[in-house]
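Here the sequence shown stands for residues 1 to 377, where the numbers follow this note's numbering. Below is one structure, written out as structure tokens; comments come after it.
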Amino acid sequence: MGASDYERRQALQHLTACQQDLQAISASASGAANPAMRLFGALLGKSLQFPNQQYVYLVNGKPVITFWGFVDAQERNRDDALACLRDSLEESLPTVLVEPPPEPVTIPAASEPEPVIAPEPEIVTPPVQESAVQAPEPTPTATARRRPFRLWYLLPTLAVAAAAATAVILHLPQSEPVTVTQPVAQNTPAPAPVTATKPPAVVASAEKLSATLPQKPAAVVANASTAAAPTSAAPAPSSTLSNVVVPAVPAKPDDLVVTPDAVRDGQVQVIDGRWRVDIEQIKTPTGKPPVMRFQFNKGKGIVQISQGNTTCKADVTAAMTSAGNLVIESRFTARCADKSRYRMPLLVCHSSIGAAVCEAQYSADRVYPITIKRESK
């Protein structure tokens with residue numbers, strides 16, 4: 001018959017107290033002057049190791065560890081001998097997560113600018129077509145009035161002027177709307193110049209963009225300035241998660257939480273304790289991604305990297321940046337047991353109300369998402 005959650009929790013508390021006593025005795029023995037006593041202290045620190053939770057039984061409510069002092073041949077000694085018991089206890093407990101819906105407010109905010117852009121082309125399109133039709137109409141009236149006036153004086157000069165005018169019109173077609181709008185403003189009422197002066201710029205720009213953007217002339221001009229900014233700026237941050245909007249995920253008890261208040265106040269104590277970091281989507285020769293275990297105290301600590309049968313260690317520091325991120329980095333490469341070196345990536349965690357969204361940056365084009373879970377405080 002299996003033990004209840006309450007009995008397992010009580011047994012874990014009892015074993016934790018025994019673990020602290022053994023660590024205290026081991027520390028005092030390791031600092032003794034007698035070599036035999038120092039050896040005893042080193043062995044005593046490993047005595048509480050056991051393969052897994054299947055080797056722990058409850059006898060009259062007391063935990064009994066069988067086959068203690070060793071682990072499986074394929075495993076390594078755990079930094080926390082009771083970590084497997086804590087993990088099994090946390091998995092069996094039901095996680096009651098209340099999902100507050102404050103975040104959905106950002107979803108309608110993104111949809112608000114869409115109806116604002118839509119009505120703009122519908123309002124501007126009618127005056128462009130009307131002005132384009134009305135523009136060529138006054139040309140014959142203006143020329144018809146000037147020709148009889150000049151023919152009475154000198155016919156040869158009129159012919160030369162007409163030839164020069166046609167040559168200028170053929171080489172510079174864009175100057176026609178400007179000359180046409182002046183007589184229209186004199187012969188038409190006051191509202192006419194407002195509609196006649198604006199369309200030429202719209203028509204000219206619409207003719208240039210018609211080959212690439214098959215839309216209405218007014219719609220292209222109205223959205224050209226606003227649409228250029230997001231399309232040109234969108235591909236830049238695709239390599240990292242710094243500019244990606246990620247919805248807040250409710251944090252579990254073992255998740256890392258970096259709130260905006262903690263970043264603003266520089267509270268690096270949020271990373272204190274023991275943490276396990278798993279790198280996702282990274283390809284290695286062995287097929288297994290590296291696993292990192294961090295131990296921090298007031299923003300400073302050490303990291304142990306395990307990949308296959310190789311382990312590496314390095315000193316690391318944590319800090320809050322002005323960009324609103326928690327950054328974990330190492331100034332040196334990690335030293336491995338086989339005398340090799342391992343280049344530590346830059347770990348960046350973005351502040352959020354829920355679980356922090358983190359990534360490992362090996363270089364500008366090698367960025368992988370990671371998960372950070374607490375092992376102990």
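Glycine is no exception: its CB is placed at the ideal position from the N, C-alpha and C atoms.
Distance between Phe-50 and Leu-15 (C-alpha atoms, nearest Å):
One-based indexing of the sequence shown puts residue 15 at position 15. One-based indexing of the sequence shown puts residue 50 at position 50. Cα to Cα, Leu-15 sits roughly 13 Å from Phe-50.
Taking just the CA atoms, how far does Leu-89 sit from Leu-326?
Position 326 of the sequence shown holds residue 326. Position 89 of the sequence shown holds residue 89. Using only the alpha carbons, I get a separation of about 29 Å.
Please give the ranges of any beta strand (DSSP E) in the stretch 276–343, keeping only runs that are unbroken, at least 3 residues long and fully inside the region.
291–297, 300–307, 310–320, 325–329, 334–336
Check whether the stretch 333–343 and the stretch 304–311 are in contact - that is, three or more C-beta pairs closer than 8 Å.
yes
Determine which residues share a DSSP beta bridge with Ala-360 and list them.
Looking up residue 360 in the sequence shown gives position 360. In the DSSP output, where bridge partners are listed per residue, Ala-360 has Leu-347, Tyr-368.
Taking Cβ positions, are Asp-278 and Val-258 nearer each other than 8 Å?
Walking along the sequence shown from the start, residue 278 turns up at place 278. Walking along the sequence shown from the start, residue 258 turns up at place 258. Against a cut-off of 8 Å, the Cβ pair of Val-258 and Asp-278 comes out as no contact.
From the DSSP output, which residues share a beta bridge with Val-56?
Sequence index remark: in the sequence shown, residue 56 carries index 56 (1-based). Val-56 pairs with Ile-65.
What does Gly-273 pair with, by DSSP beta-bridge criteria?
In the sequence shown, the residue the question calls residue 273 occupies position 273. DSSP output for Gly-273 lists Phe-296 as bridge partner(s).
Given the structure, does Ser-376 come close to the ligand GTP, in the sense that its CB is under 7 Å from one of the ligand's heavy atoms?
Judged by which ligands are present, the structure shown has none, so any question about the ligand GTP falls away.
Could you name the residues that DSSP lists as bridge partners for Asp-79?
Mapped onto the sequence shown, residue 79 falls at position 79. Its beta-bridge partners do not exist; DSSP assigns none.
Applying the criterion that 16 or more other CB atoms from any shown protein chain within 10 Å of the CB defines a buried residue, is Ser-363 buried or exposed?
Working through the sequence shown from its first residue, we reach residue 363 at position 363. Under this definition Ser-363 is an exposed residue.
Three-state secondary structure assigned by DSSP to Lys-377:
The sequence position of residue 377 within the sequence shown is 377, counting from 1. Of the three classes helix, strand and coil, the one that applies to Lys-377 here is coil, per DSSP.
Give the C-beta separation of Leu-58 and Gln-19 to the nearest angstrom, bearing in mind that I take them to be a contact with Cβ-Cβ under 8 Å.
Your numbering for residue 58 matches position 58 in the sequence shown. Your numbering for residue 19 matches position 19 in the sequence shown. With 8 Å as the limit, Leu-58 and Gln-19 do not qualify as a contact, their Cβ atoms being about 17 Å apart.
For the alpha helix (DSSP H) holding Gln-23, just list the boundary residues, first then last.
Working through the sequence shown from its first residue, we reach residue 23 at position 23. Unbroken alpha helix (DSSP H) run through Gln-23: 5–30.
Using C-beta distances below 7 Å, list every residue in its chain close to Gly-273, excluding the 5 sequence neighbours before and after it, in chain order.
Within the sequence shown, the letter at position 273 stands for residue 273. Hits under 7 Å: Phe-296, Arg-374, Ser-376, Lys-377.
For Asp-255, three-class secondary structure by DSSP
Position 255 of the sequence shown holds residue 255. DSSP places Asp-255 in strand when its eight states are reduced to three.
Counting along the chain, where does the alpha helix (DSSP H) carrying Ala-42 start and finish?
Here residue 42 corresponds to residue number 42 of the sequence shown, with the count starting at 1. From DSSP, the alpha helix (DSSP H) with Ala-42 extends over 35–46.
Under the three-state reduction of DSSP, which class applies to Ser-88: helix, strand or coil?
What you label residue 88 is simply residue 88 of the sequence shown in a count that begins at 1. Looking at Ser-88 - three-state DSSP - the assignment turns out to be helix.
Start and end of the alpha helix (DSSP H) containing Asp-72?
Residue 72 sits at position 72 when you count from the first residue of the sequence shown. Element bounds for Asp-72: n/a, residue is neither H nor E.
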